[in-house]
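Residue numbers (UniProt numbering), protein chains in the order written: chain H, 1 to 398; chain L, 1 to 398.
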């Protein structure tokens, strides 16, 4: 795709501050200031109407391949245990021939129209589906690449050890387009944490890739697994390359046990990714941030066989983060926004992110007085600009 | 206001079931069935387009008088303690001359356009504002009465004992248009639970009114207050007349202590009202229902000096209830809907509620395949009918 034409956006308020104009050129923010002159060349001018300006939103944890977005309603009659949901999903896919390419594209576009321009998704790798989901989501990544950056995590949803052959498939996935390697509950699902983590880190070491590990395990069990993970990061020199998704155990433990774990995570440059579920223990957001840990937000799955919830609107996720952590003050809601913007980009390693000259021109305009209002009211996006191109207006893709 | 003209609504799916037609006459549902004949008289016919039909939604706990809905954004810089929020609000009102009449009307209309046709609101009664908030919200109740039933609870937000004169004002409020008497944390706020509750129940006894008591007190303290409340209900024969709002303590206690309290509440015909806050302990919804207790949902305050959150969309509240209680199966989401429909009406004592002939014609049409989809997607209301009149279409009041 050719570079976009230059674009001048007038009268927008970055994060609610005083109005400015932005000049976009070659897909980047070229200048930001008041009453910018249009350059000599013919240029498109967009009136921002005093809207609130946010950087493109960041989804840090979703499962594009699983979603039933836009399909006939799936009646959820699934059992309550984690394995019930895993087994049910495999059976559903086998029966339905689930189309991971088409579904992931539908959801990625639904994210874009709501202002998400960077996104990390896990894709299931298992001995039944093989690399089919990776291939499907990789097609979506390619289709979206001018507008939306998609990172793919190869994720052993059915466990790494439980179904022989999974580790080899994961290793294959890392050579077939996955950006990161995923993991899952080495005690609770794999039942052999040392062998599970040695296998996982072995692949990461050979492939030189980062890790994003689902850790649902509660309390002491989760803390134990987290300790094993951190031992391996230190031993292999993988500082700055490992994310923990969920980390519910950090919400269960008393501060005296929890805080040293958080301090060690920060020291190892780890990242914590939360969906802030209202029904589970969650890591202490503000304590983690104070310890220097990057904490970012994600939906987890969206309308799939696991759960009917989730919404490709990261402002709604920011609201749920705010509600879960009882963030009521405007300065606290800035933290909720950070989880789906700057902290999200930093934690996932998305580059050239932000609202400064030189950053990739990913912009969201919202009719809201303040950041806090944008989060609680979640109005339709007045304008979404991705890579310097206007791609959505008032809730419709262009 | 005169009685509405008859109306025939064709092709709607009550709670997702097979399509039917509804004939509305004199503000009631006159008939429901397939391929209903239009009566001889000239009649308006509305095509439901196969939409999901819900009964008018019910808000069981809000504070219409407090809201800043539609106003310039209020920057929240309030402290974290309950008393910080109480004191801040009184100071804000004193300085701003807050208009409870205008604000409550704006929010009541915002509820109506999203399908809420019955609503219970608390109004602050204190020695600073006197009965001003009651008078303002009573004006809103009158303005809305053909379309929306509003119950008013006279609520001692600043405590019943702390500020001398409050009890007399509450008693006055009961003669000046309040429907129910409210209470608040007899230990934590009033500091003298026996005298506080004796005073409160004394007013209720003299006035013959029902009670709706805010009980935020956690754990053992809340259980203690709840016990004192139940003693008085039994002694005064006030079975079936008392609601507890919040009841966080029931979410703190172990089942062995909690379950006998819940059983006694059910035996006394009490009602439990929850906003299902993600950041607090909450009463166990399903265990309460199994014990025979009516549990209903409410927003609590909406965009006020307490909190920027809340939304006059009771489908969103149902979603938050579903998320808080991890209700994922479709049959579980029926429970979330019940909290903002039938259980809401039953718990508040709203009469002629439902989708059967003879019920008040309060109807909501939503473009959704199932109840679960209506809750998680919360689409704009295609049509809202209140008291037999079409009052909103596609998100706009008519």
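All C-beta atoms, glycine included, are put in the ideal place defined by N, C-alpha and C.
8 Å Cβ cutoff, residue i in contact with chain L
{"i": "residue 278 of chain H", "result": "yes"}
{"i": "residue 394 of chain H", "result": "no"}
{"i": "residue 112 of chain H", "result": "no"}
{"i": "residue 412 of chain H", "result": "Outside the shown range of chain H (1 to 398) lies residue 412 of chain H, about which nothing can therefore be said."}
{"i": "residue 68 of chain H", "result": "no"}
{"i": "residue 15 of chain H", "result": "no"}
{"i": "residue 296 of chain H", "result": "no"}
{"i": "residue 323 of chain H", "result": "yes"}
Check whether residue i and residue j have beta carbons under 8 Å apart
{"i": "residue 340 of chain L", "j": "residue 314 of chain L", "result": "yes"}
{"i": "residue 33 of chain H", "j": "residue 44 of chain H", "result": "no"}
{"i": "residue 15 of chain H", "j": "residue 54 of chain H", "result": "yes"}
{"i": "residue 19 of chain H", "j": "residue 13 of chain H", "result": "yes"}
{"i": "residue 266 of chain H", "j": "residue 291 of chain H", "result": "yes"}
{"i": "residue 296 of chain L", "j": "residue 56 of chain L", "result": "no"}
{"i": "residue 252 of chain L", "j": "residue 219 of chain L", "result": "yes"}
{"i": "residue 160 of chain H", "j": "residue 191 of chain H", "result": "no"}
{"i": "residue 63 of chain H", "j": "residue 275 of chain H", "result": "no"}
{"i": "residue 181 of chain H", "j": "residue 200 of chain H", "result": "yes"}
{"i": "residue 243 of chain H", "j": "residue 262 of chain H", "result": "no"}
{"i": "residue 327 of chain L", "j": "residue 333 of chain L", "result": "yes"}
{"i": "residue 309 of chain H", "j": "residue 376 of chain L", "result": "yes"}
{"i": "residue 92 of chain H", "j": "residue 125 of chain H", "result": "no"}
{"i": "residue 187 of chain H", "j": "residue 245 of chain H", "result": "no"}
{"i": "residue 138 of chain H", "j": "residue 177 of chain H", "result": "yes"}
{"i": "residue 366 of chain L", "j": "residue 337 of chain L", "result": "no"}
{"i": "residue 117 of chain H", "j": "residue 150 of chain H", "result": "no"}
{"i": "residue 205 of chain H", "j": "residue 249 of chain H", "result": "no"}
{"i": "residue 131 of chain L", "j": "residue 157 of chain L", "result": "no"}
{"i": "residue 6 of chain H", "j": "residue 25 of chain H", "result": "yes"}
Neighbour flag for residue i against chain H, beta carbons, 8 Å
{"i": "residue 258 of chain L", "result": "no"}
{"i": "residue 299 of chain L", "result": "no"}
{"i": "residue 326 of chain L", "result": "yes"}
{"i": "residue 52 of chain L", "result": "no"}
{"i": "residue 329 of chain L", "result": "yes"}
{"i": "residue 285 of chain L", "result": "no"}
Nearest-angstrom Cβ-Cβ length linking residue i and residue j, presumed shorter than 8 Å
{"i": "residue 107 of chain L", "j": "residue 302 of chain L", "result": "6 Å"}
{"i": "residue 305 of chain H", "j": "residue 78 of chain H", "result": "7 Å"}
{"i": "residue 174 of chain H", "j": "residue 207 of chain H", "result": "4 Å"}
{"i": "residue 278 of chain H", "j": "residue 324 of chain H", "result": "6 Å"}
{"i": "residue 348 of chain H", "j": "residue 58 of chain H", "result": "7 Å"}
{"i": "residue 111 of chain L", "j": "residue 105 of chain L", "result": "With 8 Å as the limit, residue 111 of chain L and residue 105 of chain L do not qualify as a contact, their Cβ atoms being about 11 Å apart."}
{"i": "residue 101 of chain L", "j": "residue 136 of chain L", "result": "3 Å"}
{"i": "residue 90 of chain H", "j": "residue 47 of chain H", "result": "The pair is not a contact, with the Cβ atoms about 51 Å apart (cut-off 8 Å)."}
{"i": "residue 115 of chain L", "j": "residue 381 of chain L", "result": "5 Å"}
{"i": "residue 357 of chain H", "j": "residue 31 of chain H", "result": "6 Å"}
{"i": "residue 212 of chain L", "j": "residue 123 of chain L", "result": "Not quite, the Cβ-Cβ distance comes to about 12 Å (not below 8 Å), so this is no contact."}
{"i": "residue 330 of chain L", "j": "residue 299 of chain H", "result": "No, residue 330 of chain L and residue 299 of chain H are not in contact; Cβ-Cβ is about 20 Å, not under 8 Å."}
{"i": "residue 148 of chain L", "j": "residue 386 of chain L", "result": "6 Å"}
{"i": "residue 215 of chain H", "j": "residue 247 of chain H", "result": "5 Å"}
Exercise for the section: Within the stretch 155-192 of chain L, note down every full beta strand (DSSP E) run reaching 3 residues or more, in order along the chain. Expected result: 180-184
Handout entry: Contact list for the stretch 301-313 of chain L against chain H, Cβ threshold 9 Å
Key = 303, 306, 307, 308, 309, 310 and 311
Practice task
Please name the residues in the stretch 362-373 of chain H whose beta-carbon is closer than 9 Å to at least one beta-carbon of chain L, in chain order.
Solution key: 368, 369, 370, 372 and 373
Handout entry: Short-range partners of chain L found in the stretch 70-94 of chain H, where Cβ spacing is below 8 Å
Key = For the stretch 70-94 of chain H, the set of positions with a beta-carbon nearer than 8 Å to some beta-carbon of chain L reads 72, 73, 75, 76, 77 and 78 in chain order.
Practice task
Identify every run of the beta strand (DSSP E) within the stretch 189-224 of chain L, keeping only runs that are complete inside it and at least 3 residues long; order them along the chain.
Solution key: Listed in chain order, the complete beta strand (DSSP E) runs (minimum 3 residues) inside the stretch 189-224 of chain L are 210-215.
Exercise for the section: Could you pull out every unbroken alpha helix (DSSP H) segment of at least 4 residues lying fully inside the stretch 285-327 of chain H, listed in chain order? Expected result: 285-290 and 314-324
Handout entry: Proximal residues, the stretch 331-363 of chain L versus chain H, C-beta separation under 9 Å
Key = 331, 332 and 333
Practice task
Can you give me, in chain order, the residues of the stretch 375-394 of chain H that have a beta carbon less than 7 Å from any beta carbon in chain L?
Solution key: 376
Problem - Near-chain L residues of the stretch 226-251 of chain H - C-beta to any C-beta below 9 Å - result: none
Problem - Segments of 4+ residues assigned as alpha helix (DSSP H) that fall wholly inside the stretch 73-145 of chain H - result: 82-96, 100-113 and 132-144
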